Amino acid sequence: MPDRPAPARKSTSRTSAKATQPPRLSVIGTGYLGATHAAAMAALGFQVVGFDTDPTKVAALSLGKVPFYEPGLDELLVEQVESGRLRFTSDVADAVASSDVHFVCVGTPQQATSHAADLSHVEAAVRAVAENLVGDALIVGKSTVPVGTASWLRGLLADAAPAGVRAELVWNPEFLREGKAVQDTLHPDRVVVGGASARAEELLRTVYAQPVAEGAPFISCDLPTAELVKVSANAFLATKISFINAIAGVCEAAGADVTVLADALGHDSRIGRQFLDAGLGFGGGCLPKDIRALMHRAGELGAHHASRLLQQVDEINMGQRERVIAMATEACGGSVLNRRIGVLGAAFKPDTDDVRDSPALNVAAALHLRGAQVTVFDPQASDTARRTFPTLGYAASAEDAVQGTDVVLLLTEWPELVALDAGRLAALTATARVIDARGKLDAQAWRAAGWEFTGLGRIAA
Ligand code: UGA
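Quick note on our numbering: the sequence shown kicks off at 33 and runs consecutively.
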């Protein structure tokens, strides 16, 4: 593939991509997934236009500004916008007419009244692309969807596309992690493509030529398998976390240490050490809603074992939040009313300012609602947390957050929080009492610095 694709052709009347011409790409929806995908595809040398219905987002991205915190994305975006390969628009007809391949990257949140995924954005996106097609095109779904969605969207596409236009829809799930989104998009572990014809596969092999040349396997399969690979991956990761959290409960009861146990388990290459950090459990915009959507879909399909398994995974996970609230209450002598609690971390994990379904913010808010005076510090997520829970106290530093506290909770394991000087911090508290809800603090060092230390699945002093 050439470094820079040929300039956009003048005519947009028929837009079929020839093998010799790199396809021009549109990205529909410029949230986490879409903004990163658009910038990464431009970095791979393609002409890319990002479309979003939100003009404020489009204006910010056009200036090279990322409306959320994602390491490395700002730089990549500025570079690609300046290169002329990447632009953004809120005019869907413009985005569709100037591209051959359309990546659908809109969100699929949990429905307000059920565990099922809300597919309204995906439906609107595919309909908008279909109605504005001016030539042959490939529509590539990247959003996380329940199995069966893509086949339903194919029907919608067939109905909405103009007569005479050849439009194909395939599914190409995305596995990027927040905090590592750029790296994961440019260097994916695998490329999965579902339901592709020979022509569609050739186009996508061109798009992903660089990662595939680097060794990423290209897995071509049917539509339902591609849809399920994505949700199964998230379900497996969630299961692994809930497994270790269940074992942490056994460790506590038996006087064992889950952090040492996890390290020992991780040496077995069949198990692996990743996603075995016991603690407050998983949150964020993906794992919780994806396991619930799969639970719901599996139930609809009559696959009740999967449904029941995921129900347990969810229950264990939510139980961890209750467990930490109970530990904090116990540390305060049975009631948190009017007690001062310092909370370190609000983001759902380090390296992001995302507080969607954040276990940390959830625990902080629950303690506040029980009458505690809660002060939160997060290196990046204070603003997003404040917008979600404006009634909590927010400190500008960890030191300010622990000032005069009865108990301190480590709820998100930012490296700078894990590296805090235990001795200096102890002197600032009313009572030096800490609950490590992420299993990352050095219990011995904190105890030596005068702290009463408790951790999930850790040996009591
Ligand atoms: C997750 C998946 O890891 C990605 O592969 C997937 O593409 C993405 O969802 C998605 O569906 O878009 P992400 O939500 O960014 O990525 O977060 P993870 O790194 O998976 O962490 C999820 C949660 O699990 C966090 O709250 C984290 O604190 C928690 N976690 C993780 C643990 O409690 N213990 C662990 O050992 C690991």
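Heads up, the beta-carbon is just placed ideally off N, CA and C, and yes, glycines get one too.
All figures in this text were calculated on a predicted structure; none of them were measured in a lab.
For Tyr64, the secondary structure class from DSSP, reduced to helix, strand or coil, is helix. Relative to ligand 1, the beta carbon of Phe409 is positioned no closer than 7 Å to any heavy atom. For Phe135, the enclosing beta strand (DSSP E) has its first and last residue at Val133 to Val136. For Leu188, the three-state secondary structure derived from DSSP is helix. Residue range Leu255 to Ala286 is occupied by the alpha helix (DSSP H) that includes Ser274.
In this structure, Thr121 keeps its C-beta atom at 8 Å or more from the C-beta atom of Lys262. At a cut-off of 7 Å, the beta-carbon of Ile273 counts as near ligand 1: some heavy atom of the ligand is closer than that.
In the same chain as Arg388, and ignoring 5 residues on each side of it, the C-beta atoms closer than 7 Å to its own belong to Gly316, Gly317 and Phe380, in chain order. With a cut-off of 7 Å, the C-beta of Gly311 is classified as near ligand 1, since at least one heavy atom of the ligand falls inside that distance. By alpha-carbon distance to Val292, the top candidate from Arg302, Ala278, Ser301 and Ala310 is Ala310. In the three-state scheme derived from DSSP, where H, G and I count as helix and E and B as strand, Asp216 is classed as helix.
In the DSSP assignment, Trp203 forms a beta bridge with Gly173 and Gly226. Residues Gly226 and Gly227 of the same chain have their beta carbon placed closer than 8 Å to that of Asp254, with the five preceding and five following residues left out of the count. The C-beta of Asn277 has 16 or more other C-beta atoms within 10 Å across all chains shown, which makes the residue buried.
Ala265 has its Cβ nearer than 7 Å to a heavy atom of ligand 1.
Cβ-Cβ distances below 6 Å link Arg371 to Cys364, Ala404 and Asp438 in the same chain, with the five nearest sequence neighbours on each side left out; the list follows chain order. The bridge partners DSSP lists for Tyr426 are Val408. Looking at the backbone, the Cα of His134 and that of Ala458 are separated by about 55 Å. Residue burial is scored here from C-beta neighbours: Lys321 has at least 16 other C-beta atoms within 10 angstroms and is therefore classed as buried. Between the alpha carbons of Ile348 and Ala149 lies a distance of about 21 Å. Set against 7 Å, the gap from the CB of Glu347 to the closest heavy atom of ligand 1 is not smaller. Residue burial annotation: His400 is buried, with at least 16 other C-beta atoms found within 10 angstroms of its C-beta. Residue nearest to Glu210 within the set Arg231, His69 and Trp203 is His69 (criterion: CA-CA distance). The secondary-structure analysis by DSSP pairs Ala149 across a beta bridge with Gln142.
Separation of the CB atoms of Leu95 and Ala71 is rounded to 14 Å, and the pair is thereby denied contact status at 8 Å.
Residues Gly211, Thr444, Glu445, Trp446 and Pro447 of the same chain have their beta carbon placed closer than 8 Å to that of Pro382, with the five preceding and five following residues left out of the count. Ligand 1 never approaches Gly304 closely enough for any of its heavy atoms to be under 7 Å from the residue's Cβ. Within 7 Å of the C-beta of Cys283 there is not a single heavy atom belonging to ligand 1. Contact between Val466 and Val450 is ruled out by a C-beta separation of about 12 Å, above the 8 Å threshold. Taken through DSSP and simplified to helix, strand or coil, Thr444 comes out as coil. In its chain, beyond the 5 residues on either side, Gly311, Leu312, Val356, Leu441, Leu442, Leu443 and Leu488 have a beta carbon closer than 7 Å to the beta carbon of Ala469.
Less than 8 Å divides the Cβ of Val223 from the Cβ of Tyr240. Judged by DSSP secondary structure, Thr486 falls within the beta strand (DSSP E) whose first and last residues are Glu484 to Gly487.
In the displayed model, Thr238 falls within a helix according to three-state DSSP.
Inter-residue distance for Ala230 and Glu102 is about 36 Å (C-alpha atoms, whole angstroms). Taking C-alpha positions only, Ala75 is separated from Asp123 by approximately 23 Å.
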